[in-house]
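Trainee: In full-length UniProt numbering, the protein residues as written are 1 to 390. All C-beta atoms in this analysis are idealised placements derived from N, C-alpha and C, irrespective of residue type, glycine included. First, the structure itself, so that you have it in front of you.
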């Protein structure tokens with residue numbers, strides 16, 4: 001028979017339902033897994049291609065590539081893989097196998113990441129019309145055993161609060177905080193862009209993909225100098241209904257300054273600023289920033305604040321720990337913590353910042369709750385009584 005995958009990426013033996021999906025990597029990946037003799041349903045694949053967000057597709061393809069590599073190094077063709085091979089993969093990913101027993105070194109993953117791998121691998125097998133090896137009881141038990149051995153707590157990004165880790169929101173800023181990062185912004189185009197980014201990120205708690213997708217037309221002026229940001233789509237908005245976020249007067253001013261500085265009238269708001277080798281600004285591009293640049297900017301700003309002496313007595317070792325713990329989620333975590341510190345309730349926080357999973361929000365505020373929650377308030381109250389008895 002002719003090659004299973006045609007040059008355009010669509011298998012020749014599939015029906016015309018995928019004719020308009022030429023070069024679609026999801027189609028080609030599932031078809032390659034199933035082979036010519038499998039009972040692939042083109043309608044299912046086509047629906048997945050249209051329904052999935054770009055990030056979901058990327059994760060699906062990346063996870064399948066890791067699985068295919070595991071099959072290859074173990075000398076097994078992916079279509080014929082069984083539950084035992086999947087169970088071995090789970091143990092290897094979880095760090096429960098020694099280097100001596102593994103045929104090739106493998107990077108240890110978090111339990112939540114491994115669970116995602118299994119979901120995507122299993123989905124690919126079902127889409128290809130094959131028996132799903134991830135659905136076997138052995139795999140489910142291995143995953144449960146790995147979670148029990150490793151624990152399920154996810155590593156959380158360090159929160160960047162507005163004034164830092166303070167109990168009194170009216171007090172002065174301290175340590176790594178948004179106020180100090182804003183002070184550390186440069187006075188050129190790069191610094192003006194960074195200031196607008198930091199303020200928009202804090203007001204809206206937008207994800208990195210949402211930040212770089214902001215267009216000038218998405219921003220509307222409101223009363224008292226404030227504004228409203230329209231967010232057309234997001235990770236949690238699978239139906240594409242869109243949502244709105246508040247922009248403070250200071251954020252609207254930062255946006256105005258940035259737009260005026262580089263004469264932006266339409267298109268992406270947050271754009272890439274190119275710099276020379278010596279760090280001076282070269283030009284501002286027309287395309288939006290890359291999502292991966294958000295974390296790098298936050299880390300650069302923390303280093304800049306440290307260099308300016310804004311972070312107090314912070315050793316180089318502690319600075320490096322801070323920088324390594326920062327991610328694109330850091331400002332969102334800080335926003336949640338500030339809202340809890342201000343006494344806002346969970347429903348109000350979720351509604352304002354478009355969070356749909358209460359467990360995520362509570363995890364963001366867990367450390368703060370330990371310091372200022374019910375037990376802390378009760379202990380403080382008893383402490384005051386004990387002081388009076390002396």
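Relative to the C-alpha of residue 319, which residue among 302, 327, 333 is closest?
Mentor: It is 302 whose Cα lies nearest to the Cα of residue 319.
Trainee: For residue 216 versus residue 264, is the C-beta distance shorter than 8 Å?
Mentor: Taking 8 Å as the Cβ cut-off, residue 216 and residue 264 qualify as a contacting pair.
Trainee: Can you give me the Cβ contacts of residue 85 inside the same chain, cut-off strictly under 8 Å, excluding the 5 residues immediately before and after it?
Mentor: So the list reads 70, 71, 74, 76, 133, once near-sequence residues are dropped.
Trainee: Going by the CB atoms, is the gap between residue 219 and residue 160 shorter than 8 Å?
Mentor: No, Cβ-Cβ distance for residue 160 and residue 219 is not below 8 Å.
Trainee: Which whole-angstrom value is the C-beta distance of residue 199 and residue 131, which I expect to be below 8 Å?
Mentor: Going by Cβ atoms, the distance from residue 199 to residue 131 rounds to 52 Å, so no, they are not a contact pair.
Trainee: Quick check: the Cα distance between residue 311 and residue 192, rounded to an integer number of angstroms?
Mentor: Roughly 21 Å between the two C-alpha positions.
Trainee: Could you tell me the boundaries of the beta strand (DSSP E) in which residue 273 lies?
Mentor: Residue 273 -> beta strand (DSSP E) spans 271–275.
Trainee: With the cut-off set at 8 Å, would you say residue 247 and residue 213 are in Cβ contact?
Mentor: For residue 247 and residue 213, no; Cβs fall outside 8 Å.
Trainee: Given a threshold of 16 other Cβ atoms within 10 Å of its Cβ, counted over all protein chains shown, does residue 287 qualify as buried or as exposed?
Mentor: Label assigned to residue 287: exposed.
Trainee: With DSSP run on the structure shown, which of helix, strand or coil describes residue 438?
Mentor: Nothing about residue 438 can be reported from this structure: the residues present for the chain run from 1 to 390 only.
Trainee: Report buried or exposed for residue 244, applying the criterion of at least 16 other Cβ atoms within 10 angstroms of its Cβ.
Mentor: With fewer than 16 Cβ atoms within 10 Å of its Cβ, residue 244 is classed as exposed.
Trainee: On the DSSP bridge assignment, give the partners of residue 245 in chain order.
Mentor: Paired residues: 229.
Trainee: Name, in chain order, the residues that DSSP records as bridge partners for residue 331.
Mentor: BP columns for residue 331 are empty, so no partner.
Trainee: Assuming residue 34 and residue 129 are in contact, meaning their beta carbons sit under 8 Å apart, how far apart are those beta carbons, in whole angstroms?
Mentor: About 6 Å; that satisfies the 8 Å criterion.
Trainee: Three-state secondary structure (DSSP) at residue 266?
Mentor: DSSP places residue 266 in coil when its eight states are reduced to three.
Trainee: In chain order, which continuous runs of the beta strand (DSSP E) of length 3 or greater are located wholly inside the stretch 71–100?
Mentor: The stretch 71–100 contains no whole beta strand (DSSP E) run of 3 or more residues.
Trainee: Relative to the C-alpha of residue 195, which candidate in 271, 210, 276 has its C-alpha closest?
Mentor: Taking only the C-alpha atoms, the option nearest residue 195 is 271.
Trainee: Residue 100 to residue 92, Cα distance in whole Å?
Mentor: With a pLDDT of only 42 at residue 100, under the threshold of 50, the placement of this residue in the model should not be trusted; the figure read from the coordinates follows. Cα-Cα distance, rounded: 11 Å.
Trainee: With a threshold of 8 Å, are at least 3 pairs of Cβ atoms found where one atom belongs to the stretch 133–146 and the other to the stretch 41–56?
Mentor: Touching, no, given that fewer than three Cβ pairs across the two stretches are closer than 8 Å.
Trainee: Give me the residue from 57, 184, 32 with the minimum Cα distance to residue 309.
Mentor: That would be 184, whose Cα lies nearest to the Cα of residue 309.
Trainee: Output the boundary residues of the beta strand (DSSP E) element that contains residue 285.
Mentor: Looking at the DSSP string, the run of the beta strand (DSSP E) that includes residue 285 is 281–288.
Trainee: My parser needs the beta strand (DSSP E) runs of 3 or more residues fully inside the stretch 333–357; what are they?
Mentor: The stretch 333–357 contains no whole beta strand (DSSP E) run of 3 or more residues.
Trainee: Is the CB-CB distance between residue 179 and residue 158 below 8 Å?
Mentor: No.
Trainee: Less than 8 Å between the C-beta atoms of residue 364 and residue 330, yes or no?
Mentor: Their beta carbons are not under 8 Å apart, which means residue 364 does not touch residue 330 by this criterion.
Trainee: Determine which residues share a DSSP beta bridge with residue 220 and list them.
Mentor: Bridge partners of residue 220: 228.
Trainee: Since I believe residue 284 is in contact with residue 189 (beta carbons under 8 Å), could you give me their beta-carbon distance rounded to a whole number of angstroms?
Mentor: Rounded, the Cβ-Cβ distance is 6 Å, consistent with contact.
Trainee: By the DSSP assignment, the alpha helix (DSSP H) with residue 122 in it spans what residues?
Mentor: Element bounds for residue 122: 111–127.
Trainee: Let's test the definition: count the other Cβ atoms within 10 Å of the Cβ of residue 29 and tell me whether it reaches 16, buried, or not, exposed.
Mentor: Residue 29 is buried by the Cβ-count criterion.
Trainee: Since residue 316 is in the alpha helix (DSSP H), which residue starts that stretch and which ends it?
Mentor: Where residue 316 is concerned, the enclosing alpha helix (DSSP H) stretches over 316–325.
Trainee: Per DSSP, what kind of secondary structure is residue 162 in: helix, strand or coil?
Mentor: Of the three classes helix, strand and coil, the one that applies to residue 162 here is coil, per DSSP.
Trainee: Check this for me: beta carbons of residue 175 and residue 165, under 8 Å apart or not?
Mentor: The answer is yes: Cβ separation under 8 Å.
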